[in-house]
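Undergrad: Here the protein sequences come in this chain order: A and B.
Per the working numbering: the first sequence = residues 1356 to 1612.
Per the working numbering: the second sequence = residues 167 to 803.
All C-beta atoms in this analysis are idealised placements derived from N, C-alpha and C, irrespective of residue type, glycine included.
Below: one structure in structure tokens.
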Amino acid sequence: MNLTLRVWRQKSPREAGRLVTYQARDIIPDMSFLEMLDVVNEGLILKGEDPIAFDHDCREGICGMCSLVINGVPHGHQSGTTVCQLHMRHFHDGQTITIEPWRARPFPVLKDLIIDRSAFDRIIQAGGFTSVNAGGAPDANAIPIPKEEAELAMDAAACIGCGACVAACKNASAMLFVGAKVSQFLHLPQGHPEREARVRNMVAAMDREGFGNCTNTYECEAVCPKNISVRVIAELNRELRRAAFRPPPAKRAVGAG
Amino acid sequence: MELASQVPSGPLTQKWDKHIAELKLVNPANKRKFRIIVVGSGLAGASAAASLAELGYNVDCLCYQDSPRRAHSIAAQGGINAAKNYQNDGDSVFRLFMDTLKGGDFRAREANVYRLAQVSNNIIDQCVAQGVPFAREYGGQLANRSFGGALVSRTFYARGQTGQQLLLGAYSSLSRQIALGKVRMFTRTEMLDLVLVDGVARGIVTRNLVTGEIVSFAGDAVVLATGGYGNLYFLSTMAAGANVSAVYRAYKRGALFANPCFVQIHPTCIPVSGEHQSKLTLMSESLRNDGRIWVPKKAGDKRASAQIPEDERDYYLERKYPTYGNLAPRDISSRAAKEVCDEGRGVGEFGRGVYLDFAESIGRLGAATIAERYGNLFEMYEKITGEDPYKVPMRIYPAVHYTMGGLWVDYNLMSNIPGLHVIGEANFSDHGANRLGASALMQGLADGYFIIPYTIGHYLAGAKPAKVTTDRPEFKAAEAEVRERLKRLLSLRGKRTVTSFHRELGHIMWEYCGMGRNDAGLKQALEKIPPLREEFWRNAIVPGVNEDLNTALEKAGRVADYLEFAELLCHDALTRTESCGSHFREESQTPEGEAQRDDEHFSHVSRWEFTGVGQRPNLHPEPLVFETVQPAVRSYK
């Protein structure tokens, strides 16, 4: 099949970007979307042109690195799918495809279709963990966890941190991402000692990075490649409200030792 | 070259405990005076960086991805082993040790493998404490399933995303240390050289993948956790960016490379669909718990699977290996699949595939149960192939999946270069030939959480490294070499893309140094590689400049390293005239076509010393000592 691609090209964060048109020829329906771009890039390199820069790594739909907006939809129109697992059999011969990067102020474009998602890492650093050192953990079966709860935790933990939720949201809200991490720990006893601090700190970090708030349009859930439910946003809001009614954390005592 | 493995004396079951008791310690107040460089942020790298920072060391951690959470450990699906015996089916540390050593065809160090089995239980405890959502039974206890090569149920899992959940556990611990200021994290940063000062590893040279800036890091010890080199074969299940460069540059600086030809072939990958393909996708081995593997009895039978009646199907694994059946280990299953395809009984368009059929288990358990167990894998399969595995059998074929060779390390996980430690898939340790499913995750985390934190302290307390900074001449010289190589790559304005060289090299390697190898083929490969390398430096195209985010330049550097490294693999394979695990030397087989090991001549680790590009490297074997277990014929019949 032959396709017309309109691709966002942007040399650097400082320079303005624009859509450039390319022809993708002899594309096989079994190719993944990224393999189709590989073919286009091979052609560009042979012509001595700069290949289209895009992020990708595992190409198995789990690392969360690929990040293309295809015809206006993050990861393309196939639901529950990352770009690397989107195959060309879902497009048709002669189609025009527009390819853009995630667009959100906290995710600046580095080059072409590559964006900087380090804001997500900083949100996790604010509290997306349990404070436990290696060694000395009790036997794993010492604390039973009901299967239903473990499954709810796992549903949330499936988030791959790709940022499609932000890209799809008119407010560039990261609440699906933050909610997923909060929900994971909410449903596991291991997360409880830091329950209030976690939600407060993560939401504060999210605000600091410039992500917007949720207005319940559910676009995030619709594009999430791991089908994370907006349930986690409800849980996030509930946790935040609950934390507001708890006394703020005591100032950390300075150790005597 | 006399290099000790540093395996402690004493009974096998007490070696590690005895060793811990004897290791030198660093005073807690002094730990903060040391800086440790950890390259890579996968299971091994992230767990090591976090654990070392928790102890008080200052850590610099680097990864080439945009976030440490994306390391390829994330793609491991099936599970992680531990000898908990929660199922009361007779599992024990000793049994896990035995299965692993046997699975590795007795080409691993006994003491290392025992230690791995010993700490496996702590890993599960640690991960649960971190909030890893492992699958649970209704009573709230952890669930287990079984994997190839084992007759007990010891594999812990989190749906089909075990690697992801374990990695996110390590990543969250790492994130906590980043926030505390104990770890400085450098993303989109690639290691391009190792810096030695007075023969001791003291730092690395890196390229910032966004700006092209060449930056050196100095430290008191270097830990490489850079994963495997499977992408040498062009098609593998590795992440696109996974590469050999960091360990290969260390090898060029004098680190010994051990067992490079030990490449694990995984039996359950989705078959190749065409020349365009950039990678192979693995279907979890756990599928073999409920899937039955078969091909038509008749060669060239092109009927659809449903049209082939039961008595015209050959369930060849169940037939040949009745005890283990579809759960036969990876190498045996892989080779059996290749054999039936070579006989012309393969299925699918190119005849390079076998059926993995769930019809019977769906009939027995219902589609809902199968969906609960493997739902996400079935969806993934459907996305890639366009076929619904609930209705038609999956097609699978073996692919390069994991590399068991790597930089040589002693029992303390230190290479022959003092201060250079190597962990996880990047080292050769623990697994030898063809390790079993669900033990790679175990090794990465064992090294990172429970071994390197002890042994690196011992090194630092003993070596007492003096302070060095990056303005020393050794750093400047290494930086100049890195710049020169980048300049040379960027000057290539030939007629062939780097990818086309990579693909051609991959074909040579798969053909001559893949699942089956023979003397003539390996010699051919050694003749074909040097001209290809020479053509690369004459005829490749590398567009762009260094001072930019230049994905083509990154790729070119990695392929240039593969073109040198490939010869090392072939030399190693040529020397090893025995079959061992999936490293099937065609001249060395039993009358029934099974792998024939040669313990008399090859009960050793092949350590290779760099002697120059295109030169035959020098071999320094490390004899393997078996004090407790006598290597036996590996039978899964």
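When you compare the CB of residue 238 (chain B) with every CB in chain A, is at least one pair closer than 8 Å?
TA: Indexing the second sequence from 1 puts residue 238 (chain B) at position 72. Yes, contact with chain A.
Undergrad: Does residue 435 (chain B) come out as helix, strand or coil in the three-state DSSP assignment?
TA: Numbered from its first residue, the second sequence carries residue 435 (chain B) at position 269. Residue state, collapsed to three classes: strand.
Undergrad: If we call anything under 8 Å between Cβ atoms a contact, is residue 1578 (chain A) one with residue 1520 (chain A)?
TA: Locating residue 1578 (chain A) in the first sequence gives position 223, counting from the first residue. Locating residue 1520 (chain A) in the first sequence gives position 165, counting from the first residue. In this structure, residue 1520 (chain A) lies closer than 8 Å to residue 1578 (chain A) by Cβ.
Undergrad: Between which two residues does the beta strand (DSSP E) harbouring residue 1377 (chain A) extend?
TA: What you label residue 1377 (chain A) is simply residue 22 of the first sequence in a count that begins at 1. Here the beta strand (DSSP E) through residue 1377 (chain A) covers 1373–1379.
Undergrad: I want to verify the contact list: residues of chain B whose CB lies under 7 Å from the CB of residue 1411 (chain A), in sequence order.
TA: Taking the first residue of the first sequence as 1, we reach residue 1411 (chain A) at position 56. Simply 406.
Undergrad: For chain B, check one thing: does any of its Cβ atoms lie closer than 8 Å to the Cβ of residue 1360 (chain A)?
TA: Within the first sequence, numbered from 1, the residue matching residue 1360 (chain A) stands at position 5. Cβ-Cβ to chain B under 8 Å: no for residue 1360 (chain A).
Undergrad: Tell me, please, which residues DSSP counts as bridged to residue 770 (chain B).
TA: By 1-based counting over the second sequence, the position of residue 770 (chain B) is 604. Answer is B:789.
Undergrad: Please report the residue range of the beta strand (DSSP E) in which residue 226 (chain B) lies.
TA: Here residue 226 (chain B) corresponds to residue number 60 of the second sequence, with the count starting at 1. Where residue 226 (chain B) is concerned, the enclosing beta strand (DSSP E) stretches over 224–228.
Undergrad: So is residue 1571 (chain A) in contact with chain D if we call contact Cβ pairs under 8 Å?
TA: Protein chains A and B are contained in the structure displayed, whereas chain D is not.
Undergrad: Helix or strand or just coil, what does DSSP make of residue 382 (chain B)?
TA: Position 216 of the second sequence, counted from the first residue, corresponds to residue 382 (chain B). In this structure, residue 382 (chain B) counts as strand in the three-state DSSP scheme.
Undergrad: Rounded C-beta distance between residue 231 (chain B) and residue 1412 (chain A)? I'm assuming under 8 Å.
TA: Here residue 231 (chain B) is taken as the residue at index 65 of the second sequence, counted from 1. Here residue 1412 (chain A) is taken as the residue at index 57 of the first sequence, counted from 1. With a Cβ gap of about 6 Å, residue 231 (chain B) and residue 1412 (chain A) count as contacting.
Undergrad: Is there a C-beta anywhere in chain A that falls below 8 Å from the one on residue 688 (chain B)?
TA: As a working note, residue 688 (chain B) is residue 522 in the second sequence. No, its Cβ sits nowhere closer than 8 Å to a Cβ of chain A.
Undergrad: Should the stretch 670–684 of chain B be called in touch with the stretch 703–710 of chain B, which here means at least 3 C-beta pairs below 8 Å?
TA: Touching, no, given that fewer than three Cβ pairs across the two stretches are closer than 8 Å.
Undergrad: Would you say residue 395 (chain B) reaches chain A, if we count a Cβ-Cβ gap shorter than 8 Å as a contact?
TA: For the purposes of this step, residue 395 (chain B) is taken as the residue at position 229 of the second sequence. No, its Cβ sits nowhere closer than 8 Å to a Cβ of chain A.
Undergrad: Using beta-carbon positions only, say whether residue 428 (chain B) and residue 749 (chain B) come within less than 8 Å of one another.
TA: Taking the first residue of the second sequence as 1, we reach residue 428 (chain B) at position 262. Taking the first residue of the second sequence as 1, we reach residue 749 (chain B) at position 583. Yes. Within cutoff.
Undergrad: With three or more beta-carbon pairs closer than 8 Å as the criterion, would you say the stretch 409–423 of chain B touches the stretch 528–542 of chain B?
TA: No, the stretch 409–423 of chain B does not touch the stretch 528–542 of chain B.
Undergrad: With a threshold of 6 Å on Cβ separation, who are the neighbours of residue 544 (chain B) within its own chain once the five nearest residues in sequence on each side are excluded?
TA: The sequence position of residue 544 (chain B) within the second sequence is 378, counting from 1. Closer than 6 Å at the Cβ level, and outside the excluded window around residue 544 (chain B), lie 555.
Undergrad: Return the chain-ordered list of same chain residues with a C-beta closer than 8 Å to the C-beta of residue 744 (chain B), the five sequence neighbours on each side being excluded.
TA: Translated into the one-based positions of the second sequence, residue 744 (chain B) becomes position 578. Result list for residue 744 (chain B): 751, 754, 762, 763, 764, 767, 768, in chain order.
Undergrad: Please return the same chain residues whose Cβ sits closer than 7 Å to the Cβ of residue 488 (chain B), not counting the five positions on each side in sequence.
TA: Here residue 488 (chain B) corresponds to residue number 322 of the second sequence, with the count starting at 1. The residues are 803.
Undergrad: Using three-state DSSP, classify residue 703 (chain B) as helix, strand or coil.
TA: Taking the second sequence and counting its residues from 1, the one referred to as residue 703 (chain B) is at position 537. Here residue 703 (chain B) sits in helix by DSSP.
Undergrad: Are there 16 or more other CB atoms within 10 angstroms of the CB of residue 1498 (chain A), so buried, or fewer, so exposed?
TA: Taking the first sequence and counting its residues from 1, the one referred to as residue 1498 (chain A) is at position 143. Label assigned to residue 1498 (chain A): exposed.
Undergrad: Using a C-beta to C-beta distance shorter than 9 Å, which residues of chain A count as neighbours of residue 709 (chain B)?
TA: For the purposes of this step, residue 709 (chain B) is identified with residue 543 of the second sequence, where counting begins at 1. What residue 709 (chain B) touches in chain A: 1399, 1400, 1403, 1404, 1405, 1406.
Undergrad: When the Cα atoms are used, what is the spatial distance from residue 243 (chain B) to residue 1383 (chain A)?
TA: Numbered from 1 along the second sequence, position 77 holds the residue referred to as residue 243 (chain B). Numbered from 1 along the first sequence, position 28 holds the residue referred to as residue 1383 (chain A). Distance between the alpha carbons of residue 243 (chain B) and residue 1383 (chain A): 28 Å.
Undergrad: Run down chain A in chain order and give the residues with a C-beta less than 9 Å from the C-beta of residue 619 (chain B).
TA: What you label residue 619 (chain B) is simply residue 453 of the second sequence in a count that begins at 1. Result: 1489, 1490.
Undergrad: Do you know how far the Cα of residue 245 (chain B) is from the Cα of residue 288 (chain B)?
TA: On the second sequence, position 122 is the one that residue 288 (chain B) refers to. On the second sequence, position 79 is the one that residue 245 (chain B) refers to. So the two alpha carbons sit approximately 16 Å from each other.
Undergrad: Residue 558 (chain B) to residue 406 (chain B), Cα distance in whole Å?
TA: As a first step, residue 558 (chain B) must be located in the second sequence, where it is residue number 392. As a first step, residue 406 (chain B) must be located in the second sequence, where it is residue number 240. Going from the Cα of residue 558 (chain B) to the Cα of residue 406 (chain B) covers about 30 Å.
Undergrad: For the beta strand (DSSP E) that residue 1363 (chain A) lies in, which residues bound it at each end?
TA: Numbered from 1 along the first sequence, position 8 holds the residue referred to as residue 1363 (chain A). Looking at the DSSP string, the run of the beta strand (DSSP E) that includes residue 1363 (chain A) is 1358–1364.
Undergrad: Extract the residue ranges of the alpha helix (DSSP H) inside the stretch 662–731 of chain B, only unbroken runs of 4 or more that lie entirely within it.
TA: Taking only runs of at least 4 residues, the alpha helix (DSSP H) segments lying wholly in the stretch 662–731 of chain B are 664–679, 685–705.
Undergrad: Is residue 1564 (chain A) buried or exposed, if buried means 16 or more other CB atoms sit within 10 Å of its CB?
TA: Counting from 1 along the first sequence, the entry for residue 1564 (chain A) is found at position 209. Residue 1564 (chain A) comes out buried.
Undergrad: Counting Cβ pairs closer than 8 Å, one from the stretch 305–319 of chain B and one from the stretch 1524–1533 of chain A, do we hit at least three?
TA: Touching, no.
Undergrad: Going by Cα to Cα distance, which pick from B:319, B:492, B:308, B:465 is closest to residue 1505 (chain A)?
TA: In the first sequence, the residue the question calls residue 1505 (chain A) occupies position 150. The candidate whose alpha carbon is nearest that of residue 1505 (chain A) is B:308.
Undergrad: Is the distance from the Cβ of residue 329 (chain B) to the Cβ of residue 391 (chain B) below 8 Å?
TA: Taking the second sequence and counting its residues from 1, one reaches residue 329 (chain B) at position 163. Taking the second sequence and counting its residues from 1, one reaches residue 391 (chain B) at position 225. Against a cut-off of 8 Å, the Cβ pair of residue 391 (chain B) and residue 329 (chain B) comes out as no contact.
Undergrad: Please report the straight-line C-alpha distance between residue 735 (chain B) and residue 1547 (chain A), rounded to a whole angstrom.
TA: Position 569 of the second sequence, counting from 1, holds the residue named residue 735 (chain B). Position 192 of the first sequence, counting from 1, holds the residue named residue 1547 (chain A). Residue 735 (chain B) and residue 1547 (chain A): Cα-Cα distance of roughly 50 Å.
Undergrad: Taking DSSP as the reference, what is the three-state secondary structure of residue 356 (chain B)?
TA: Your numbering for residue 356 (chain B) matches position 190 in the second sequence. Residue state, collapsed to three classes: strand.
Undergrad: Taking all protein chains shown into account, decide if residue 205 (chain B) is buried (16 or more other Cβ within 10 angstroms of its Cβ) or exposed.
TA: To locate residue 205 (chain B), count along the second sequence from 1; it is residue 39. Under this definition residue 205 (chain B) is a buried residue.
Undergrad: Do the stretch 219–228 of chain B and the stretch 576–589 of chain B make contact, defined as three or more Cβ pairs closer than 8 Å?
TA: The stretch 219–228 of chain B is not in contact with the stretch 576–589 of chain B.
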